[in-house]
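Please read the structure below before turning to the comments.
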Amino acid sequence: MRTYAIGDIHGHFDKLEEAHRRIEEDRARFGDAEAPVVHIGDLVDRGPDSRGVVHYLMRGHEAGKPWVTLKGNHDRMFTGFMADPDSQDPGLRAELHWVHPRLGGATTLASYGVDRAEDRLLFDLHAEAASKVPETHLTFLRNLPTSFVRGDMLFVHAGIRPGIPLAEQSEDDLLWIRREFHDHEEDYGKLVVHGHTPVDVVTHYGNRLNIDSGAGYGHALSTVVIEDGEVWLLDGFGREAIHPPAR
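Numbering follows this note's numbering, with no gaps: position 144 of the sequence shown is 144.
If you want it as structure tokens, here you go:
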């Protein structure tokens with residue numbers, strides 16, 4: 001059973017196209033044209049072409065490609081703002097807003113033709129954004145699933161809260177959790193494949209696999225293939241094995 005997965009995209013359409021090119025090269029080498037591709041969430045913010053990313057993924061799903069696209073916290077912040085300019089995501093610190101430079105919402109709006117977001121009154125900004133962001137894009141983002149299970153793998157954006165069955169996990173945790181998930185060293189019953197917290201390189205911790213290598217901060221967008229319990233990074237030259245720590 002083979003599954004491909006792509007880390008946090010953060011508006012980098014060029015890197016997303018390259019990731020899919022590597023996947024197609026891997027399919028050409030090893031077959032299995034129907035192995036799914038899981039996008040781990042955070043499609044938008046920080047990078048220059050969030051609109052292009054959303055459009056590309058929408059068209060792929062509509063064409064029936066074997067893709068799964070999960071919701072990330074940045075995707076939810078975007079749709080939250082578009083529903084209400086005063087929206088404050090439960091996972092976000094109170095002093096921050098989605099258009100704050102640290103979060104990258106302004107770059108997302110710029111990709112839709114809404115400029116100078118950081119200098120404007122929120123309600124004026126929202127009024128222009130509402131006229132330029134297609135409702136189809138927002139509907140796509142709102143309806144994204146928050147998890148995907150395949151065999152002995154669980155794909156989520158941020159992680160899961162230890163000791164809680166998947167069906168009872170809160171969306172806030174699936175999109176935002178960090179410390180409690182990262183500090184847990186016991187087996188989850190499935191390998192949890194996630195992003196949300198950037199690492200220098202794709203890292204296998206034994207019970208979880210972090211594939212967010214910091215594309216939102218100018219670093220690589222990582223693509224992995226998981227098959228028969230083994231993990232490889234698609235590095236442009238082929239497959240590079242990613243091993244869990246020795247026990």
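Even for Gly, the Cβ is constructed at its ideal location relative to N, Cα and C.
Just so we're clear, the structure is a prediction, and the values are computed from it rather than from any experiment.
Roughly how many angstroms separate the alpha carbons of residue i and residue j, rounded to a whole number?
i                 : j             : result
threonine 203     : valine 37     : 19 angstroms
serine 213        : tryptophan 98 : 22 angstroms
histidine 61      : tryptophan 67 : 7 angstroms
methionine 1      : arginine 179  : 31 angstroms
histidine 137     : histidine 20  : 21 angstroms
phenylalanine 148 : leucine 154   : 6 angstroms
arginine 296      : glycine 189   : Absent from the structure is residue 296, since the part of the chain shown begins at 1 and ends at 247.
aspartate 89      : leucine 174   : 14 angstroms
threonine 3       : alanine 28    : 15 angstroms
glycine 31        : glutamate 168 : 37 angstroms
Compare the beta carbon distance of residue i and residue j with 9 angstroms and say whether it is the shorter of the two.
i              : j              : result
isoleucine 160 : valine 199     : no
isoleucine 6   : isoleucine 177 : no
proline 165    : histidine 184  : no
glycine 229    : glycine 47     : no
histidine 74   : histidine 10   : yes
aspartate 172  : glycine 91     : yes
tyrosine 56    : leucine 96     : no
Pick out whichever of the options has its Cα sitting closest to the Cα of residue i.
i             : options                           : result
proline 134   : Gly206, Glu17, Val114 and Pro101  : Val114
leucine 221   : Asn207, Tyr205, Gly195 and Glu227 : Gly195
serine 111    : Phe140, Val44, Asp8 and Pro245    : Val44
glycine 218   : His12, Tyr4 and Ala5              : His12
methionine 77 : Ile6, Arg59 and Leu109            : Leu109
alanine 224   : Asp26, Ala129, His10 and Gly52    : The displayed chain sequence assigns valine, not alanine, to residue 224. When only C-alpha atoms are compared, the closest one is Asp26.
glutamate 186 : Thr197, Leu174 and Gly206         : Gly206
serine 170    : Ala127, Thr139, Thr146 and Asp14  : Thr146
leucine 121   : Arg29, His100, Ala246 and Thr139  : His100
Since residue i and residue j should fall inside the 8 angstroms C-beta cutoff, what is the C-beta to C-beta distance between them, to a whole number of angstroms?
i           : j           : result
glycine 41  : glycine 64  : About 21 angstroms separates the two Cβ atoms, so there is no contact after all.
alanine 106 : alanine 117 : 4 angstroms
- Message: Report the start-end ranges of each beta strand (DSSP E) in the segment 59 to 139 that is 3 residues or longer and not cut off at the edges.
- Response: 67 to 69
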